[in-house]
Amino acid sequence: MDWSGWATFGVVATVILTAVLVAAQLAGLTRLDIPMMLGTLLTGDPDRARFFGFFLHLVMGQFFALFYAAGFAELGVASWWLGAGFGVAHAAVAGAVLVPLLPTIHPRMATERAGPTSKTILEPPGLLALNYGWSTPLVTLAAHAVYGAILGLFLQVR
Amino acid sequence: MISNRRIPIGDYGLIGDTRTAALVAIDGSIDWMCLPRFDSPPVFGRLVGGEEAGRFVVGPDEPATVVARGYRQDTATLETTWTVDGASITLADSMVGEVTESMLPDSMLVRRITGQGRPIRIRVEISPRFGYDRRPARRVRRQNGSLIIDHGGIALAFTSDAAVQLTPDRPTILEVTPDRPVTVVMSAAHRGPLLLVPPSVAVEKAERDEIRWQRWADTLITGPHHRQAMVRSLITLQLLTYSPSGAPVAAPTTSLPETVGGSRNWDYRYAWPRDASLGISALLAAGKDREALGFLAWLLHASRLDRPRLPAIFTLHGRPVPHERALKGWPGYADSTPVRVGNGARTQHQLDGYGWVLEAAWQLTRRSHHLDSETWRTIRAFADHITRTWMEPDAGIWERRDAPRHHVHSKLMAWLALDRAIRIAEKRGWSSRQLTVWRGSRKLLREEISVRGFDPDIGSYTAAYGSDDLDAAVLLLTWTGFEPRDSPRIVSSIEAIRNRLGAGGPLLYRYRGQDGLLGNEGAFLPCSFWLVQALAQTDQRAQAETLFEELLEYGGQLGLYGEEMDPNTHQYLGNFPQALTHSALLQAATTLNH
């Protein structure tokens, strides 16, 4: 496996993935704020949360890049289109399985069962994070496709 | 039995779990309940959908008279007591708000009926319907003594501790004796497993919820007077807040008419930024800062996709509200058609919204609450947007559906938005070229409103530039700081509005004349509370107190308020209960207490 490529381009791909999501958010396409969503696992202050969340996302991006690298190595081929395909599958699983499960472990995210004493600050994302805007699934798919394409383009098959 | 379609709107009681709510008629029939959320189709919809739209009745099966109705002290539990030939029965209705961290269903309705005196026959009738086409259940079965009804993603379980078998769409007759109360529990699940709750457990959970409400009410700061009405209004505002997102719902109903038999019937099961902002002020005044911050967080989160534009309405998850449509075959409340879902005001430009939101943000800043960088960025974006758009006509606070106009109230609120943004900036020690632009626009707005918005012949600020119509929303002028409170223009405006828009006693129409819609409407209750506030703030306190006391009488035993009132019959009109009216009540009471 291309360990040095993983170490370098995992970071690059995650930074660009985050940038695409933030750009989509600023463009009014989605309310999904990944750094804040992750950072509020640690703190209730939205400003600090975004800071911590950015680094948490980097760690997660690096972790997931391992699977991409292993996948390329296993198939014996690495290309931008295969990486983009992995990214689409990654986004689909994240949106359909991981994100809806987040409220069950997130201390500051409400669930659809939240009651009047709920002290949570983030609304539940719902299936495919649709509660954060209709175009959120498309933004997420696009961002992860870019992430995968970068990894596919730069990782070597060894 | 009272004919459902003739039950006055004000005779319905509200129960809820902050995810959805139910309206309980005076005969014990739940005639309105949407599942799983406030804005979902009703499972019990007889209120506006006719007999075919479903109901859930628990009430006397003998000739009975209601002798008492009210909420248990500082709780959301509704009690209805009937006398039946010398004996009496009491029905306690509640929904369990807190279901997290326990094996409880998403929504749980607990109906417990107790008897005093001799045994009394009661009737239980379970007729749920599904979707806006009022379909009957797809599947009915029994499990562990519960009646289970499901259709699509919704499953309902009805469980009772009485030794009878509950049957859908057919009355079940039971007997209540003084030593043996009867409990009927409805559990609901949406796209998940149904949890069957034994009645004894359900009663215990409902009682625990009552204690939670009482503890919450104990911490409310209400001032020395009118505590009961204020607590009821605050509990009602809480019941109308969708806890999973923090969105405040304007009302839990759709299409209760603004005139009986009329067509001004709208869907209010959505969230308006204006209501959220008023709620923030009301909650802050009651010392509920956490809830107030929750409203602001929802508001800013919801408006993010449209920033810097502030949409007029959102769904409970901050999405665009569905297109307005009429439900085919729904007879409406007392033949008031059409019954609408969705809301046509979704795309309107309403300039006043920004003023409400920035006033709320200012209230939080003034109380030394830290606004995070994202909130401050939003405030700046709104203020910049106002400097670019304040000169455009809009639909106004009343969401008129005729041509946009230069509404004076909207311009005042635009002025307020800039004024509050400037105050927040100054408190943060922020200086930028933008601040100079804001100050310039604020000055221009003041000059324009003073010249074009005031009619010296009438002696009042008007509804719109160049019009001699009046608008009761202008009463809000007294707390904005636009002019000194004792300014002759303000005092004469209050007087003119009372004279021209008065509907008897404390009641006011919001405006008169054509508004692009057919038919008339009743007196608009929030305006009455704004009048009280305006009088109290302009040294007419005695009058304000008198009018407020009269308004409290209109709240009846339950202390719930609708949107409008028929000035002749004093019956409520419009969707019920209405968050805006309760927020206005709280503002007026807070002013009187100070």
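Read top to bottom, the protein sequences are chains A and B. Under our numbering, think of the first position of the first sequence as -7, with each following residue one higher. Under our numbering, think of the first position of the second sequence as 18, with each following residue one higher. Glycine included, C-beta positions come from ideal geometry on N, C-alpha and C. On a predicted model such as this, the values are computed, not experimentally measured, just so you know.
- prompt: Near B/Gly263, what residues of its chain come up, given a Cβ to Cβ distance below 7 Å and the 5 sequence neighbours on each side ignored?
  reply: Gly311, Phe312, Ala314, Trp315
message: Please state the DSSP three-state secondary structure of B/Tyr350.
response: helix
- prompt: Under the three-state reduction of DSSP, which class applies to B/Ala267: helix, strand or coil?
  reply: coil
message: Residues of chain A with CB closer than 7 Å to the CB of B/Ala314, please, in chain order.
response: Residues of chain A whose Cβ lies closer than 7 Å to the Cβ of B/Ala314 are, in chain order, Ile113.
Inter-residue CB distance, B/Leu698 and B/Ala205 (contact presumed, cutoff 8 Å): With chain B covering 18 to 611 only, the question about residue 698 of chain B has no answer from this structure.
- request: Please check the pair B/Leu31 and B/Leu569, which I expect to be a contact at CB under 8 Å, by giving their CB distance rounded to whole angstroms.
  value: B/Leu31 to B/Leu569, Cβ: 18 Å. No contact.
task: Spell out whether any CB of chain B is found under 7 Å from the CB atom of A/Ala45.
output: Checking the displayed sequence, the identity of residue 45 of chain A turns out to be Gly instead of Ala. Chain B, which has no Cβ nearer than 7 Å to the Cβ of A/Gly45, makes this no.
field: For B/Ser204, three-class secondary structure by DSSP
entry: strand
- request: Return the chain-ordered ranges of every alpha helix (DSSP H) run that is complete within the region 379 to 406 of chain B and spans a minimum of 4 residues.
  value: 390 to 406
- prompt: Going by other Cβ atoms of all chains shown within 10 Å of its Cβ, with 16 needed for buried, is B/Asp196 buried or exposed?
  reply: Classification of B/Asp196: exposed, given that the 10 Å Cβ count is below 16.
task: May I ask you to list the residues that DSSP assigns as paired with B/Pro59?
output: B/Cys51
- request: May I ask you to report which of helix, strand or coil DSSP gives B/Leu191?
  value: DSSP, reduced to helix, strand and coil, places B/Leu191 within a strand of the structure shown.
message: If the criterion is Cβ atoms closer than 7 Å, does the pair A/Pro99 and B/Gly114 meet it?
response: Not closer than 7 Å, so no.
task: Kindly identify the DSSP beta-bridge partner or partners of B/Leu542.
output: Looking at the DSSP assignment, B/Leu542 forms no beta bridge with any residue, so it has no partner.
Buried or exposed by the 16-neighbour rule on C-beta atoms within 10 Å, applied to A/Met29: buried
- request: Please report how far the alpha carbon of B/Ala104 lies from the alpha carbon of B/Arg86, in whole angstroms.
  value: 16 Å
Distance between B/Ser272 and B/Gly349 (C-alpha atoms, nearest Å): 7 Å
message: When you compare the region 207 to 223 of chain B with the region 116 to 130 of chain B, are there three or more beta-carbon pairs, one atom per stretch, that lie closer than 8 Å?
response: yes
- prompt: Going by beta carbon distance, what residues of the same chain come within less than 7 Å of B/Arg230, once the five residues before and after it are set aside?
  reply: The sequence given here places Trp at residue 230 of chain B; Arg does not occur at that position. Asp91, Thr92, Ala93, Ile252, listed in sequence order.
- request: Mark B/Asp102 as exposed unless 16 or more other C-beta atoms lie within 10 angstroms of its C-beta, in which case mark it buried.
  value: exposed
- prompt: According to the neighbour-count rule (16 or more other Cβ atoms, all chains shown, within 10 Å of its Cβ), is A/Val69 buried or exposed?
  reply: exposed
- prompt: B/Asp323 touches chain A at which residues, Cβ-Cβ below 9 Å?
  reply: Gly20
query: Do the region 286 to 294 of chain B and the region 329 to 341 of chain B meet, that is, are 3 or more Cβ pairs less than 8 Å apart?
result: yes
task: Check distances from the C-beta atoms of the region 29 to 40 of chain A to those of chain B and list, in chain order, the residues that come in under 8 Å.
output: Asp37, Pro38, Asp39
message: Against chain B, does A/Ser110 count as a neighbour if the rule is that its beta carbon must be under 7 Å from one of theirs?
response: yes
- prompt: Just reading off the alpha helix (DSSP H) that A/Phe64 is part of, what are its end residues?
  reply: 38 to 67
Assigned secondary structure, B/Gly209 (DSSP; H/G/I helix, E/B strand, else coil): coil
- prompt: What did DSSP end up calling A/Leu93 once you bin it into helix, strand or coil?
  reply: Per DSSP, reduced to three states, the secondary structure at A/Leu93 is helical.
- request: Apply the 10 Å Cβ neighbour rule to B/Ser119 and answer buried if 16 or more other Cβ atoms are within range, or exposed otherwise.
  value: Exposed: under 16 other Cβ atoms inside 10 Å.
- prompt: B/Thr131 by DSSP, collapsed to three states: which one?
  reply: strand
- prompt: Quick one: is A/Arg150 near chain B, going by C-beta distance under 7 Å?
  reply: no
- request: Please check if any C-beta of chain B sits within less than 7 Å of the C-beta of A/Gly125.
  value: yes
task: Under 9 Å between beta-carbons, which chain A residues line up against B/Arg229? List them in chain order, please.
output: Gly107, Pro108, Thr109
- prompt: Are there 16 or more other CB atoms within 10 angstroms of the CB of B/Asp235, so buried, or fewer, so exposed?
  reply: exposed
query: Does DSSP put B/Gly87 in a helix, in a strand, or in coil?
result: strand
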